[in-house]
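Accompanying notes for the structure given below.
2 protein chains.
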Amino acid sequence: MALGVGEHMLDSSRADILEAAAHCFMERGYSATSIDDVARRLGATKGRIYHHYSSKSDLFADVFRFGMEMNYKAIEPLRHSREKAVERWRKMAFVHVVQMITKRQFQRVVWEGVEMHLRGATTPEQRTVFADLIGSRARYSDVFRDLLAEARDDGDMAFGNLGITNQLVFITLNSPIFWYSPRAGETEGYIREIARQIVSFAMHGLGMKEGNP
Amino acid sequence: MALGVGEHMLDSSRADILEAAAHCFMERGYSATSIDDVARRLGATKGRIYHHYSSKSDLFADVFRFGMEMNYKAIEPLRHSREKAVERWRKMAFVHVVQMITKRQFQRVVWEGVEMHLRGATTPEQRTVFADLIGSRARYSDVFRDLLAEARDDGDMAFGNLGITNQLVFITLNSPIFWYSPRAGETEGYIREIARQIVSFAMHGLGMKEGNP
DNA sequence: TTGACAACATACCCGGTAGTATGTTCATCA
DNA sequence: TGATGAACATACTACCGGGTATGTTGTCAA
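Those sequence lines, one after another, are chains A and B.
Counting from 0, one number per residue, gives the positions in the first sequence under numbering that gives the first Met the number 0.
Counting from 0, one number per residue, gives the positions in the second sequence under numbering that gives the first Met the number 0.
Structure follows, in structure tokens:
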């Protein structure tokens, strides 16, 4: 009955709660979402949620954590490839965008979590819990940033300020969480085609030398 | 005592409320911001706000409207220039980005307003009020999109799907509302330099033929 | 078979917040 | 000058939503 996910176990009931919570948070945002909303979507009551989570922010944090776990897993096989930096970046960016589209609920929560932290809209207790998650997210971002730097050193990219550029690129890659709306009968190929266009836009913005094969 | 702004008059008391509301909404988001928060920032009480606005969503809508008014004013002088589309786009994009940085409070509200509409997180009454604003924002976006199409026809740009591309570009140009943080002693030149980098990134993403002079 | 505990549901409390109803003050104009 | 209304402040209500305290049911181990 227990499914291994990452380092901690995640029973199926918790997984259902996470999925429902992610959807609610995506549709209404953190503060506009009530615990009862999440419970209603589950066809359950508050009791179920508070049996697994001690607070609303705790639930939110776990959705955040789960979303980041997905991201790390998605890029992990590509991180230590022996290809050139520019090529590693391209492939990682691609799977990242696919993640943004296919796991939209969780990625929206990650986004809002970062926002909440930037705005300081967290209580002192929350900040310690959030610190780990924000750190995880920052390191994830750094993986991409470091590759950008390496690719520029290789002469495969040309851009101005590294920090600003990474922000621009990351927003571009993340943007589907805002404007993508799932079509009935969308194929995997359709999604990959959109991802390809996004990555292509980003790579041109990064001043790459070569087009898409 | 009345300052003409656009088509309707805006007395200074209302302007102060708008400014305070924009800051609060930027820092905490719509639903996490209480009317008392806005009043507190004004050094006043609810009474003052409810004297001018009939509801919280009404206040929010007016901040939205004011933000869009600023945007239209900023690009107006450039819209009907006789330059080529690519050049008009570049200049309009530049002033747009400067707006995003210098009027960050209001632009965040515009963003959240669009978000709320996309998520359908509005009551039926609100939707009619919002409809105008969303329409205004859509037409604003179309101004840029049409220029992209024209520039592509001119052979000055090269990109894939027009709709997706415009989304990517617009997110890129808007992105400072998320990551820009005002520095003590920031100069106008500093801001313009950042805007230049953003526009440069976007133009490369759009497959332009020529670099920045 | 029973008792102990996990996994919920039910019922309740209470603080915060949108909105309202009612003062209070000051300027303007007949 | 006094009456009227704009521009607020004060005081209050009603409700929603986070959190808790307690009840109920099924399961499993001894």
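No residue lacks a Cβ here, since even glycine has one placed at the ideal position from N, Cα and C.
In summary, the residues of the segment 101-120 of chain B whose CB is separated from some CB of chain A by less than 7 Å are ARG118 and ALA120, in the order they occur in the chain. With fewer than 16 other Cβ atoms from the protein chains shown falling within 10 Å of its own Cβ, PRO181 of chain A counts as exposed.
Counting the other Cβ atoms within 10 Å of the Cβ of GLU75 of chain A gives fewer than 16, which makes it exposed. About 6 Å separates the beta carbons of ARG13 of chain B and HIS51 of chain B, which is inside the 8 Å limit, making them a contact pair. HIS95 of chain B counts as buried, since at least 16 other C-beta atoms from the protein chains shown sit within 10 angstroms of its C-beta.
Listed along the chain, the chain A residues whose CB falls inside 7 Å of the CB of ILE197 of chain B are LEU167.
Secondary structure of ASP155 of chain A (DSSP, three-state): coil. For THR171 of chain B, the closest Cβ of chain A is nearer than 8 Å.
If you ignore the 5 residues before and after LYS55 of chain B, its C-beta comes within less than 7 Å of the C-beta of ILE34, all in its own chain and listed in chain order. Where TYR189 of chain A is concerned, the enclosing alpha helix (DSSP H) starts and stops at 187-204. Apart from sequence neighbours up to five positions away, the residues of its chain that approach GLN98 of chain B with a beta-carbon distance below 8 Å are MET69, ASN70, ALA73 and GLN106, ordered along the chain. With contacts defined by Cβ atoms closer than 8 Å, LEU205 of chain B and VAL168 of chain B form a contacting pair. Rounded to whole angstroms, ARG126 of chain B and ARG78 of chain A show a C-alpha spacing of 46 Å.
For HIS50 of chain A, the enclosing alpha helix (DSSP H) starts and ends at 45-51.
Contact of ASN70 of chain A with chain B is not assigned, every C-beta pair being separated by 8 Å or more. Using a 10 angstroms sphere on the CB of ASN173 of chain A, the tally of other CB atoms reaches 16 or more, which defines it as buried.
The beta carbon of ILE190 of chain A does not come within 8 Å of any beta carbon belonging to chain B, so the residue lies off that interface. If the five residues before and after HIS116 of chain A are omitted, its C-beta is found closer than 7 Å to the C-beta atoms of PHE129 and ILE133, all from its own chain and listed in chain order. Excluding five sequence positions before and after TRP110 of chain B, the CB atoms of its chain that fall closer than 8 Å to its own CB belong to ASN173 and ILE176, given in chain order.
When C-beta distances to chain A are compared with 7 Å, the residues of the segment 9-37 of chain B below that value are GLU26, ARG27, GLY28, SER30 and ALA31, in chain order.
Distance from the CA of GLU192 of chain B to the CA of LYS45 of chain A, rounded to the nearest whole angstrom, comes to 51 Å. Under the 10 Å beta carbon count, ARG81 of chain A is surrounded by fewer than 16 other beta carbons and is classified as exposed. For ARG182 of chain A, no alpha helix (DSSP H) run applies, since DSSP gives it neither H nor E. About 6 Å separates the beta carbons of VAL108 of chain A and GLY66 of chain A, which is inside the 8 Å limit, making them a contact pair. For TYR71 of chain B, the enclosing alpha helix (DSSP H) begins and ends at 55-78. Counted as a single uninterrupted DSSP element, the stretch harbouring GLU82 of chain A is not any alpha helix (DSSP H), since DSSP gives it neither H nor E.
Residue environment: THR186 of chain B is assigned as exposed (fewer than 16 neighbouring CB atoms within 10 Å of its CB, all protein chains considered). Taking 8 Å as the cut-off, the beta carbon of ILE100 of chain A is found no closer than this to the beta carbon of ALA21 of chain A. When 9 Å is used as the limit between beta carbons, GLY154 of chain A is near no residue of chain B, the shortest such separation being about 16 Å. Nearest to ALA19 of chain A by alpha-carbon distance, out of A:LYS90, A:GLN104 and A:TRP88, is A:GLN104. Cα atoms of GLU114 of chain B and TRP178 of chain A: separation of roughly 9 Å, rounded to the nearest angstrom. In the three-state reduction of the DSSP assignment, ALA31 of chain B falls in the coil class. Chain order gives the chain A residues near HIS203 of chain B as HIS203, GLY204, LEU205 and GLY206, where near means a beta carbon separation below 8 Å. Remark: C-beta atoms of THR171 of chain A and THR121 of chain B do not approach each other more closely than 8 Å. Taking 4 residues as the minimum length, the alpha helix (DSSP H) runs contained wholly in the segment 99-168 of chain A are 103-118 and 123-152, in order along the chain.
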